[in-house]
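Engineer:
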Amino acid sequence: MTAQLNPRGDVAVLVPAAGAGVRLGPGGPKALRLLGGEPLLVHAVRRVAEAPSVAVIVVAAPAADVDHVRRLLAPVAPVTVVPGGADRQQSVAAALAAVPAGPQIVLVHDAARALTPATLVESVAARVRAGHDAVIPVLPVTDTVKEVSADDVVLGTVDRSVLRAVQTPQGFRRSVLVAAHAAAVDPLTDDAGLVEKSGGTVTCVPGSELALKITRPFDLMLAEHLLSGRVRFDP
Ligand code: CTP
Ligand code: MG
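Each number in the numbering used here corresponds to the 1-based position in the sequence shown with 496 added.
#1: Just checking Thr612 against the ligand CTP - is the residue's beta carbon closer than 7 Å to any of the ligand's heavy atoms?
#2: Tell me whether Val509, by its Cβ, gets closer than 7 Å to a heavy atom of the ligand CTP.
#3: Count the CB pairs spanning the stretch 507–517 and the stretch 587–606 that are closer than 8 Å, and state whether there are at least three.
#4: Taking the DSSP output, what are the residues bridged to Leu530?
#5: Tell me whether Ala707 sits in a helix, a strand or coil according to DSSP, three-state version.
#6: To the nearest angstrom, how far is it from the Cα of Asp583 to the Cα of Pro503?
#7: Touching or not, the stretch 608–626 and the stretch 560–569, by the rule of three or more beta carbon pairs under 8 Å?
#8: Could you check how far apart the C-beta atoms of Arg660 and Val634 are, in whole angstroms? I think they sit under 8 Å.
#9: Tell me which residue opens and which closes the alpha helix (DSSP H) that Ala499 is part of.
#10: In chain order, which continuous runs of the alpha helix (DSSP H) of length 4 or greater are located wholly inside the stretch 551–594?
#11: Sorted by chain position, which residues of the same chain lie with C-beta nearer than 6 Å to Phe668's C-beta, five sequence neighbours on each side aside?
#12: Please name the residue or residues paired with Pro702 in a DSSP beta bridge.
#13: List in chain order the residues whose CB is within less than 7 Å of at least one heavy atom of the ligand CTP.
#14: Tell me the rounded alpha-carbon separation between Gln663 and Val624.
#15: Which residue marks the beginning of the alpha helix (DSSP H) containing Gly598, and which one marks its end?
#16: According to the neighbour-count rule (16 or more other Cβ atoms, all chains shown, within 10 Å of its Cβ), is Val552 buried or exposed?
#17: Is the beta carbon of Lys642 less than 8 Å from the beta carbon of Val654?
#18: Would you identify the three-state DSSP class for Leu611, choosing helix, strand or coil?
#19: So, helix, strand or coil for Pro713, using DSSP?
#20: What does the alpha-carbon distance come out to for the pair Ala697 and Ala560?
#21: Which of the three DSSP states is assigned to Val641 in this structure?
#22: On the CB-based measure, 16 or more other CB atoms within 10 Å of its CB, does Gly580 come out buried or exposed?
#23: What's the call for Ala540, buried or exposed, on a 16-neighbour Cβ count within 10 Å?
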């Protein structure tokens, strides 16, 4: 059954899904690779659509797969599908341009974070609604982190206590995200970085281990395991 979005919701979620998935290895665009028999993008959109505040979902698909992605998502949730761009930032910009008038909170997610729970979507949106311009979900860094030279010599150990690993969805007051993208010069890997560059304040909320980004084959294996239910995982 199609998950209905909330027409009175105040949140639009952009799902960039146009990447090639080079680090995952051969097998086509990453968002269309299977996890538990379904494409990563289907998992990601299904969970976003379960979040009660979400009124609009816009997916940026690989340009050659736009029609295929529309058909794929039709039974999952009402979504708008646009062709993505050459890098993530361009894909986000294309999706942002397709958001209809109405929602004043815009979240930017990754199709590659396929198991992100709807509760994280809600907690990011709630923090934006409470008056923050830009909100990111983060986890503490658990490994020791070192700065190294180009020839692999250690230059120093970074103070881990002040570091955070950043996830998606990242949430923004709509006008702030539109202005940050309009002012963007160099491509960055996340949208909060654009807000930082334009002098805005970015606030952190607790992330979720389930929001792991599926990047390399090991991540896909881990996600398969989490999805299989063979392990019980309550973050
Ligand atoms: N993405 C996108 N358009 C691009 C590049 C990336 O929409 N031109 C999306 C990806 O589909 C993914 C998210 O941005 O959902 C995060 O990017 P990443 O994990 O790097 O995915 P890929 O770019 O597909 O992977 P790789 O870098 O290994 O090729
Ligand atoms: Mg990439």
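All C-beta atoms in this analysis are idealised placements derived from N, C-alpha and C, irrespective of residue type, glycine included.
Structural biologist: On the basis of the coordinates in this document:
#1: In the sequence shown, residue 612 corresponds to position 116, counting from 1. Thr612 Cβ: outside cutoff for every heavy atom of the ligand CTP.
#2: Numbered from its first residue, the sequence shown carries residue 509 at position 13. No; taking the cut-off as 7 Å, the Cβ of Val509 has no heavy atom of the ligand CTP nearer than that.
#3: yes
#4: For this step, residue 530 is matched to residue 34 along the sequence shown. According to DSSP, Leu530 bridges with Pro535.
#5: Position 211 of the sequence shown holds residue 707. Ala707: helix per DSSP, three-state reduction.
#6: Here residue 583 refers to the residue found at position 87 of the sequence shown. Here residue 503 refers to the residue found at position 7 of the sequence shown. Going from the Cα of Asp583 to the Cα of Pro503 covers about 31 Å.
#7: no
#8: As a first step, residue 660 must be located in the sequence shown, where it is residue number 164. As a first step, residue 634 must be located in the sequence shown, where it is residue number 138. So it is a contact: roughly 4 Å between Cβ atoms.
#9: As a working mapping, residue 499 is identified with position 3 in the sequence shown. Counting along the chain, Ala499 falls outside any alpha helix (DSSP H), and DSSP gives it neither H nor E.
#10: 562–569 and 584–593
#11: In the sequence shown, counting from the first residue as 1, residue 668 sits at position 172. So the qualifying residues of the chain are Val602 and Ala630.
#12: As a working note, residue 702 is residue 206 in the sequence shown. Beta-bridge pairing links Pro702 to Val634.
#13: Pro512, Ala513, Ala514, Gly515, Ala516, Gly517, Val518, Arg519, Leu520, Pro525, Lys526, Ala527, Ala556, Gly580, Gly581, Ala582, Asp583, Arg584, Gln586, Ser587, Asp606, Ala607, Ala608, Lys709 and Thr711
#14: Here residue 663 corresponds to residue number 167 of the sequence shown, with the count starting at 1. Here residue 624 corresponds to residue number 128 of the sequence shown, with the count starting at 1. Approximately 16 Å between the Cα atoms of the pair.
#15: Indexing the sequence shown from 1 puts residue 598 at position 102. Neither: Gly598 is in no alpha helix (DSSP H) and is coded neither H nor E.
#16: Along the sequence shown, read from residue 1 onward, the residue named residue 552 stands at position 56. By the neighbour-count rule (16 or more Cβ atoms within 10 Å), Val552 is buried.
#17: Here residue 642 refers to the residue found at position 146 when the sequence shown is read from its first residue. Here residue 654 refers to the residue found at position 158 when the sequence shown is read from its first residue. A contact, by the Cβ cut-off of 8 Å.
#18: For the purposes of this step, residue 611 is taken as residue 115 along the sequence shown, with counting starting at 1. The answer is coil: DSSP assigns Leu611 none of H, G, I, E or B.
#19: Walking along the sequence shown from the start, residue 713 turns up at place 217. Residue state, collapsed to three classes: helix.
#20: Sequence index remark: in the sequence shown, residue 697 carries index 201 (1-based). Sequence index remark: in the sequence shown, residue 560 carries index 64 (1-based). Note that residue 697 is Thr in the sequence shown, not Ala. Straight-line Cα distance between these residues: approximately 37 Å.
#21: The residue you call residue 641 lines up with position 145 of the sequence shown. Coil, per DSSP.
#22: For the purposes of this step, residue 580 is taken as residue 84 along the sequence shown, with counting starting at 1. Counting Cβ neighbours within 10 Å, Gly580 comes out buried, since at least 16 surround it.
#23: For the purposes of this step, residue 540 is taken as residue 44 along the sequence shown, with counting starting at 1. Counting Cβ neighbours within 10 Å, Ala540 comes out buried, since at least 16 surround it.
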